[in-house]
Amino acid sequence: MIYATEHYISKPNLTNNKGKERPMHFPVPAVLTEFLIMAILESDDSYGYEICQTIKLIANIKESALYPILKRLEQNDFLTTYSQEYQGRMRKYYSLTQLGHEELVRLKDDWDTYTNTINGIIEGSVRHDKN
């Protein structure tokens, strides 16, 4: 996979010391965006706008940035697409392939390891063994 762009987590109720709204300062790398897309599609097919709105719950991402990521996932055979009519227009839906499901299992395992390690460092239970 190619990991290119980063998007920053956005949470509406954070403020700076002057009371102005500010974003969280944790970047959302492209690999995490790919992971989120596949997780969204794990249980049900979806279309670009809906996927984007779900990801916007935690990341400041534009639809124009999402579609190249969807295309890359499709080129890597993690997603497939089909068109379906909705209110008189054709809508492009994305579906997770078997290879995509396998990749999602791997990413979930990696995510568990990553978050457990970070939480351990934050809580003080994980330290580098100096010996």
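Using UniProt numbering, read the sequence shown as starting at 1 and increasing by one per residue. Glycine included, every Cβ here is placed at the ideal spot set by N, Cα and C.
Q: Drop a sphere of 10 angstroms on the beta-carbon of A4, count the other beta-carbons inside from all chains shown, and report buried for 16 or more, exposed for fewer.
A: For A4, the pLDDT reaches just 38, beneath the cut-off of 50, and the residue's location in the model is therefore unreliable, although a value from the coordinates is still provided. The residue in question, A4, is exposed, as its Cβ has fewer than 16 Cβ neighbours within 10 Å.
Q | Extent of the continuous beta strand (DSSP E) run through K92 | A | R89 to L96
**Q.** Between the CA atoms of H128 and G120 - distance to the nearest angstrom
**A.** Straight-line measurement puts the Cα of H128 at about 11 angstroms from the Cα of G120.
Q) For V28, which of helix, strand or coil comes out of DSSP? A) V28: strand per DSSP, three-state reduction.
Q: Determine the DSSP secondary structure at Y3, reduced to helix, strand or coil.
A: Because Y3 carries a pLDDT of 36, less than 50, the predicted location of this residue cannot be relied on, and the following value inherits that uncertainty. In this structure, Y3 counts as coil in the three-state DSSP scheme.
Q. In the structure shown, what three-state DSSP assignment does S125 receive?
A. DSSP places S125 outside both helix and strand once states are collapsed to three, so it counts as coil.
(Q) Tell me the rounded alpha-carbon separation between Y49 and N116. (A) 32 angstroms
Q. Of the choices A30, S95, I122 and V105, whose alpha-carbon is the least far from that of D44?
A. S95
Q: Tell me where the beta strand (DSSP E) around L79 begins and ends.
A: L79 to Y86
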